[in-house]
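Undergrad: Submitted below is the structure of interest, expressed as structure tokens.
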Amino acid sequence: IIIDQLDAAVVDLLIADIGQINNDLTEIEAETAKEKIALAEEAYNSLSDAKKQQVSKFITLREAVAAMQVYDDTDAANKAAADIVTESIKAIGEVTLDSKESIETAMNGYNALTDKQKAMVSIEDYNTLLAAQVRYNELVVAYNADVKATNHVIALINDIGTVTLDSKRAIDTANNAYNALSDAQKAMIPEANHTTLQNATKKYTELAEAYVADQKAAQAVIDSIGTIGTVTLQSKDAITAAMTGYNALTD
Numbered sequence: 001i002i003i004d005q006l007d008a009a010v011v012d013l014l015i016a017d018i019g020q021i022n023n024d025l026t027e028i029e030a031e032t033a034k035e036k037i038a039l040a041e042e043a044y045n046s047l048s049d050a051k052k053q054q055v056s057k058f059i060t061l062r063e064a065v066a067a068m069q070v071y072d073d074t075d076a077a078n079k080a081a082a083d084i085v086t087e088s089i090k091a092i093g094e095v096t097l098d099s100k101e102s103i104e105t106a107m108n109g110y111n112a113l114t115d116k117q118k119a120m121v122s123i124e125d126y127n128t129l130l131a132a133q134v135r136y137n138e139l140v141v142a143y144n145a146d147v148k149a150t151n152h153v154i155a156l157i158n159d160i161g162t163v164t165l166d167s168k169r170a171i172d173t174a175n176n177a178y179n180a181l182s183d184a185q186k187a188m189i190p191e192a193n194h195t196t197l198q199n200a201t202k203k204y205t206e207l208a209e210a211y212v213a214d215q216k217a218a219q220a221v222i223d224s225i226g227t228i229g230t231v232t233l234q235s236k237d238a239i240t241a242a243m244t245g246y247n248a249l250t251d
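For the record, in the sequence shown the residue sitting at position 31 is 31 according to our numbering, with numbers rising by one throughout.
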């Protein structure tokens with residue numbers, strides 16, 4: 001009887017050594033607890049039926065086994081939740097201006113995890129998520145700057161209005177602003193606005209050339225009138241030439 005009690009006491013000690021089992025255990029602590037449970041069960045099962053009756057902590061052992069099962073189930077659920085977030089991070093891929101939804105999905109999923117679940121997301125994947133968020137914000141800032149620059153050019157083009165000989169400054173300002181844009185920014189200018197600028201430039205060039213031609217023609221008539229001098233009976237041809245030149249002028 002004394003030997004039976006000693007064997008049972010050893011098993012009770014092994015059971016007592018298992019300690020408290022809850023979902024806050026670390027993986028190392030859980031593995032250690034599983035080993036202790038396995039050792040206690042093995043020791044208990046090796047007892048004779050009579051000796052088993054001497055084990056006072058058998059219920060504690062059963063409770064430990066049940067608690068460990070709950071831990072395993074919870075751990076599996078935690079890993080599943082962490083895996084979903086990990087997959088959502090990997091799904092982000094190359095960050096573009098279209099990545100907002102996928103980044104928010106991954107970040108919201110990560111923030112919804114418990115601390116234990118977050119610990120199951122690798123540092124590498126978490127850093128990838130943070131880097132994606134930073135990169136997206138950089139792209140948004142750059143895009144907003146591009147939009148501001150292109151809107152400024154569009155406004156300058158719209159300010160040109162009807163092209164006249166007084167439009168040179170407005171057209172030059174718009175062209176200089178357009179030419180200062182990057183290729184990516186130029187691509188953001190609507191084709192209709194770009195065409196308006198090109199047509200305005202062309203129209204002004206035509207008006208300027210026509211104006212120079214008119215000035216030249218007018219000066220020729222002025223010079224012709226100047227050759228008339230004192231009018232005499234011999235002035236007919238000079239006067240006729242001057243009058244013909246004047247009549248040929250546009251209004």
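C-beta atoms are modelled at their ideal positions from N, C-alpha and C, and glycine is treated no differently.
#1: Determine contact between the stretch 170-189 and the stretch 125-139, defined as no fewer than three beta-carbon pairs at a distance below 8 angstroms.
#2: One question on the structure: do Lys-57 and Ile-15 come within less than 8 angstroms of each other, judged by their Cβ atoms?
#3: DSSP state of Glu-87, grouped into three classes?
#4: Assuming Ala-174 and Ile-157 are in contact, meaning their beta carbons sit under 8 angstroms apart, how far apart are those beta carbons, in whole angstroms?
#5: Let's see if you can read the secondary structure: which residues bound the alpha helix (DSSP H) around Asp-115?
#6: Let me know the beta strand (DSSP E) ranges lying completely inside the stretch 35-86, each 3 residues or longer, listed in chain order.
#7: In terms of alpha-carbon separation, which member of Glu-42, Thr-150, Glu-29 lies closest to Asp-7?
#8: Could you please give the first and the last residue of the uninterrupted alpha helix (DSSP H) stretch that includes Ile-189?
#9: Would you check if there are 3 or more beta carbon pairs closer than 8 angstroms linking the stretch 34-52 to the stretch 78-98?
#10: Here's the rule: buried if 16 or more other CB atoms are within 10 angstroms of the residue's CB, otherwise exposed. What is Ala-106?
#11: Around the C-beta of Lys-36, are 16 or more other C-beta atoms found within 10 angstroms, so that it is buried, or is it exposed?
#12: Could you check the C-alpha separation between Asp-166 and Glu-104 for me, to the nearest Å?
#13: Could you give the distance in angstroms between the alpha-carbon of Ser-122 and the alpha-carbon of Lys-148?
#14: With a threshold of 7 angstroms on Cβ separation, who are the neighbours of Ala-184 within its own chain once the five nearest residues in sequence on each side are excluded?
#15: State yes or no: is the C-beta of Leu-97 nearer than 7 angstroms to some heavy atom of the ligand SAM?
#16: Suppose you measure from the CA of Ala-33 to the CA of Ile-89; what does that come to, to the nearest Å?
#17: In whole angstroms, what separates the C-alpha of Ala-238 from that of Glu-206?
#18: Quick check on the DSSP output: the alpha helix (DSSP H) that includes Ile-123 runs from which residue to which?
#19: Could you give the first and the last residue of the continuous alpha helix (DSSP H) run that contains Ser-102?
#20: Using the Cβ count rule (16 or more neighbours within 10 Å means buried), how would you classify Leu-197?
#21: One question on the structure: do Leu-61 and Ala-40 come within less than 8 angstroms of each other, judged by their Cβ atoms?
#22: Kindly indicate which three-state DSSP category Glu-94 falls into: helix, strand or coil?
#23: Beta-carbon separation of Ala-200 and Ile-160 under 8 angstroms?
TA: On the basis of the supplied data:
#1: no
#2: yes
#3: helix
#4: 5 angstroms
#5: 115-118
#6: none
#7: Glu-42
#8: Looking at the DSSP string, Ile-189 is not in any alpha helix (DSSP H), and its letter there is neither H nor E.
#9: no
#10: buried
#11: buried
#12: 52 angstroms
#13: 39 angstroms
#14: Asp-146
#15: Because no ligand of any kind appears in the structure shown, any question about the ligand SAM cannot be addressed here.
#16: 33 angstroms
#17: 33 angstroms
#18: 123-160
#19: 100-111
#20: buried
#21: yes
#22: coil
#23: yes
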